[in-house]
Amino acid sequence: MGVWRGRQRLDEPGEATGRQRSGRRRLRRRWVLAAVVTFVLINLLVVDAYANARFTPDHKRSDGGGTAGVPAAVRDDGPVVDTRDGQTATYHLPERTIALTFDDGPDPVWTPRVMQVLRKHGVRATFFVIGSQVSRHPEISRELGREGHELGIHTFTHPQLADLPAWRRRIEYSQTRAVIAYTTGVTTPLARLPYSSHVSDLDDANWPVVRETGQWGYVSVFNDTDSRDWARPGPNVIARNATPEDGQSAVILFHDAGGDRAQTVTALDLFIPEMKRRGYRFTTVSEGVRQQLATSSTETRVTRSELVRGALLVWAVKIADGTFLILWLLLIVVGVLTLARTLLLFGFALRHVRRRRAPAWSWGPPVPDPVTVIVPAYNERATIAATVRSLATGTHPDIEVLVVDDESDDGTADEIERLGLPNVRVVRVPAGGKAAALNVGVGLARHDIVVMVDADTVVEPNAIHRLVQPFADPKVGAVAGNVKVGNRRRLLGRWQHIEYVIGFNLDRRLYDTLGCMPTVPGALGAFRRDAVRQVGDLSRATLAEDTDLTMGLHRAGWNIVYEESAIARTEAPSSLAQLWRQRYRWSYGTMQAMWRHRRALIERGPSGRFGRRGLPFIALFSVALPLLAPVLDIVAIYGVAFLDRVETVIAWLAVLVIQIVTAMLAFRLDREPMRPLWALPLQQIVYRQIMYLVLVHSVVTALTGGQLQWQKLRRTGEVAAQPS
Amino acid sequence: VANPTDPSTQVLHVDPPTAAVFVDRSGRRSRRLRRAAYWLVALALVLLALVWLALGLDIFGLPAAN
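Protein chains in written order, with the working numbering: chain A, 14 to 737; chain B, 7 to 72.
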C-alpha cells in the first residue's frame, strides 16, 4: 500500500516534494475556483430573492396612521398628483373620459388576454408594471408598447414603500424604469404606489413617499374607481364597481396579474362597450392629462446607461430565476431518488433477511475446503500482528495466511515473523501497490479459495469459515463479508460506524437480492482463485481494485453474494484529512471501475444483465444522488433566509427522520446497539458535506484526467489493541 | 561492500496492460477545462460586478426621471 505511480514509489523525499508542491498548487486553484463558483451562486440566489420580494414580502403592510399631514387639496382632488419641482398639483381627466389602468403585470397568461379584449374594442390603457415581472416577460412589455398602451412604474418588487428606507424606494423606481426602457424603448414618469387606491385614502405614512416620488421626477397616479377585481366578485359586480358616476371622468383600477383574472377579462368585455354606449371615450393616463401637464412633458428620453442597466437587470433576473428553477427541479429529483432508495432498501433488505434467517436456509453442504488468506501490507507494523493472529487462529479447518509485504520499511515482516505462527507465510515483493501485491498473493496461494483481508482488519474467529460457506454453490464466484468500524469511540469513528452498518446491512442486502453487488470489500472478501484468474487478476487501471474485480466477475457470469455473519472490524480513518483521502480514492476508483466496465451496458449475457441492471443503479444511487446532495443544503439555507422558516425546518427534519428510521432498521438487522445513533443528526452538518465535496472533487479529477495515487492512511492500532 | 547484483535476478518491470482510467498524462484535457472554467467564472464575475455597479449607481447617484 505504498504511495506509487507506475513503477516508482512516490514517498521518496526528492520525488515527493516536487509532485506534492504541484499537487498542492492544483488543489489550491480548485478551492479558489469552488469558492468563486459558490460566491456567484450566492449572488444569483440573492438576486432571485430580491426579484421575488423575499427580502420584504409584499404582504407586509403597516398601519399608515392619521391623515392630518396630507393637504386637503390633494385628498379631495384628482387622481394624478404631480409633486415635481417642489409644487403640488392634482389633475382630473376631462369629462366623460376613462383611463383604464392595470396593476401588477405583466403576466404571461392574463396580460395577453386583457390586451385581446382591449384590441377588440379599440381601446388603449395604462399598465402599471412590476419591474421584476417585466424582466421575466419582456416580450409582453414589448407587445404592450407596440399596441400603443402606456407603461407606468409599479415598483420592482411591489413592497409597501412607506416601510422601506429611501434608497430602497429609489431603486424600486429606477430599476423598473430601466427595464421598461430596455424592453420597450420608451418610458413615462408615471408611477403608482403599491397598495394605493383613491387619493382620499392617502395617509401620513404615504404622503412623504408621494412627495419624494415627485422629487425624483415621477408623477403619482391614484384612481377614481376601484373595480375590486382582486376579490373576484363576478364580472357584473366588477363592471359595476368600475363604473364612474354619470358623466364624470375616471382613472379605473384593474389587475392583469396576481391570480386568476378571468372575471376581469369578462368584465372588461361588458364594461367597455357599455361605457362607449354612454358616450365615454377611452384614453391613457398621460394623454388624459396632457393638456394640463403642458408645462412639464410626460415623455422622457431613454438614455444609453438606462438601456444597459435595463438589459443587465432583465438578464440578471432571468438567470437568477433559471438558477432557482434548476435547484428546485434538482431538489425534486433528490427527493424522489431518496424516497425510492429508502423504499427499495426497506423492501429488499427485509426480504433478504427473511430469506436468510428462515430455518430452511442453507448455502448447501458445509465447505471445509482449505483457504489461503492474502494480506497485502505496506508499513502496517501497528496493526499487522493482530490481523494475522485473528486470521491464523480462526475456526476454519485449514487456513493459510499469506502476507505480501509491499517493500515495507517499518519492520512489518519482522513483526509477523515474531508471532511464530506455523500457518503464516510472508512474501516480500518490490513496491507495486495493492493490486500487484494481491496478484502475487493469488499466484502464490496454495488453495483454490482465496480470502483477501486488509492489514488493518481484525476478523472474528469464525469469520473465514462463515465467509467461504456460500462456495457450496458452484455459481458463486465471490463473497462479501460484513465489515464494521472498530475504532468508534470518537465522533468521526461513530459517524463512519453508522455509515458502515447502513451500507452493509441495507445496501449490500439490496444489491445481493438484485444480483448486482458492486464491491466485494477489500477489507474482507472471498474469491474462487479460478474466477479471479479468469478475469485477468486484479487490475491497476483503477484505484478501486476490489470494485473493478467484482464488476469483472459479474460480467464473467459469476454470482456475487453477501454473507452477513462473516464479521470483521476495520480501522477507519481517525481524522478528517485521512477520511477525505480515503473517500476521494474510493469515489474516484468507483467511477473508474464503472467507466472501465461501461460496455456491459450493451453486451449480451451475464455481462449485459449486470450492465443494464447494476451499472445504472450504482450510477444513480452511488454517484448521482450523493452528487446532488448539496442541493438539499443550498435550498435549506435559502429557505431559512428567505422562505418560510418553519416549513423549511420541517422539511429538513423530515429528511433527517427518514435517515434515522433507515439507520435504526440497519442497526436492528445487524443486532447492533442503537446508542451510537445519537450522532446521526450531527452527521448532517459536517460529515455529509465532506462526503459530497469529496465526490465533487473526484468528479473534477476524473473530468480533468488527473491521476490520483494510493495514499497511505496513518494507523493508530486502536482496533488491533482491542480484545478479540 | 555492496554485493554485485546478478542481472538475471533483477526485478522485471512490466507496464500494466490497461492504462489508468480517466488519466490524461498529456494534461491537455485539464488545461482546456481549466481555461473554459476560468473564462466562464470571469464572465460571471464581470456580469455580477456590472449588476452591483448599476445597483450602486441607482442608490448613490440616481439618474432622475427627467
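Even glycine gets a Cβ: it sits at the ideal position worked out from N, Cα and C.
Residue i at chain B interface by Cβ criterion, 7 Å
| i | result |
| --- | --- |
| Thr717/A | yes |
| Asn452/A | no |
| Thr308/A | In this prediction, Thr308/A has a pLDDT of 48, which is less than 50 and means its spatial position is unreliable; what the coordinates show is noted afterwards. By this cut-off, Thr308/A is not an interface position. |
| Gln305/A | no |
| Ile184/A | yes |
| Ala426/A | no |
| Trp599/A | no |
| Arg322/A | yes |
| Trp180/A | yes |
For residue i, the three-state DSSP class (helix, strand or coil)
| i | result |
| --- | --- |
| Phe295/A | strand |
| Leu721/A | coil |
| Lys488/A | coil |
| Tyr244/A | Checking the sequence, you will find Ala at residue 244/A rather than Tyr. Helix at Ala244/A. |
| Ala204/A | strand |
| Ala715/A | helix |
| Met687/A | coil |
| Leu306/A | coil |
| Ile429/A | helix |
| Val471/A | strand |
| Ala581/A | strand |
| Arg501/A | coil |
| Val130/A | helix |
| Ala632/A | helix |
| His460/A | coil |
| Glu225/A | helix |
| Leu106/A | coil |
| Leu46/A | helix |
| Pro68/A | Residue identity check: residue 68/A is Phe in the sequence provided, not Pro. Three-state result, Phe68/A: coil. |
| Gly233/A | Strictly speaking, residue 233/A in this sequence is Ser, with Gly absent from that position. Strand at Ser233/A. |
| Thr24/B | coil |
| Leu656/A | coil |
| Arg441/A | strand |
| Thr238/A | strand |
| Asp423/A | coil |
| Asp90/A | coil |
| Leu638/A | helix |
| Val7/B | Only weak support exists for where Val7/B lies, its pLDDT of 47 falling under 50; the value from the coordinates is given anyway. Three-state DSSP puts Val7/B in coil, outside helix and strand. |
Cross-chain neighbours of residue i in chain A, by beta carbon under 9 Å
| i | result |
| --- | --- |
| Val47/B | Leu46, Val49, Val50, Val53 |
Other residues of its chain near residue i: CB distance less than 7 Å, five sequence neighbours each side excluded
| i | result |
| --- | --- |
| His710/A | Tyr597 |
| Met530/A | Ala493, Arg521, Tyr524, Thr563, Ile573, Tyr575 |
| His478/A | Gly407, Thr408, His409 |
| Pro483/A | Trp376, Val489, Val492, Val574, Glu576 |
| Gln305/A | Tyr104 |
6 Å CB neighbourhood of residue i in its chain, flanking five on each side removed
| i | result |
| --- | --- |
| Gly652/A | Thr661 |
| Asp683/A | Val514, Asn518 |
| Phe169/A | Gly144, Ser145, Glu185, Gln188, Thr189 |
7 Å Cβ cutoff, residue i in contact with chain A
| i | result |
| --- | --- |
| Ala42/B | no |
| Pro55/B | Before going further, note that residue 55/B is Ala rather than Pro in the sequence given. It does not; no Cβ of chain A falls within 7 Å. |
| Arg35/B | yes |
8 Å Cβ shell around residue i - same chain, five flanking residues per side excluded
| i | result |
| --- | --- |
| Val347/A | Leu638, Leu641, Ala642, Val644, Leu645 |
| Leu283/A | Pro248, Asn249, Ala252 |
| Gly19/A | Legend: pLDDT at Gly19/A = 43, less than 50; position of this residue unreliable, value from coordinates given subsequently. Excluding residues within five positions, none has a Cβ falling inside 8 Å. |
| Arg224/A | Thr96, Thr101 |
Partner residues on chain A for residue i, Cβ-Cβ distance less than 7 Å
| i | result |
| --- | --- |
| Val52/B | What Val52/B touches in chain A: nothing, since even the nearest Cβ is about 11 Å away. |
Under 8 Å by beta carbon: chain B residues contacting residue i
| i | result |
| --- | --- |
| Ala329/A | Leu53, Val57 |
| Ala554/A | Pro22, Thr24, Ala25, Ala26, Val27 |
| Gln605/A | Ala26, Val27, Phe28 |
| Gln720/A | Ala26, Val29, Arg31 |
| Leu325/A | Leu53, Leu56, Val57, Ala60 |
Amino acids of chain B, ordered along the chain, whose beta-carbon sits closer than 9 Å to that of residue i
| i | result |
| --- | --- |
| Trp608/A | Val27, Phe28 |
| Asn56/A | Ala50, Leu54, Val57, Trp58 |
Report the residue ranges of all alpha helix (DSSP H) runs contained in full by the stretch 379-410 of chain A; include only those spanning at least 4 residues, in chain order. 394-405
List, from N- to C-terminal side, the alpha helix (DSSP H) runs of 4 residues or more that fit wholly inside the stretch 150-191 of chain A. 151-159
Return the chain-ordered ranges of every beta strand (DSSP E) run that is complete within the stretch 526-552 of chain A and spans a minimum of 3 residues. 537-541
Considering only residues of the stretch 308-381 of chain A, which uninterrupted beta strand (DSSP E) runs meet the minimum length of 3 residues and lie entirely inside it, listed in chain order? none
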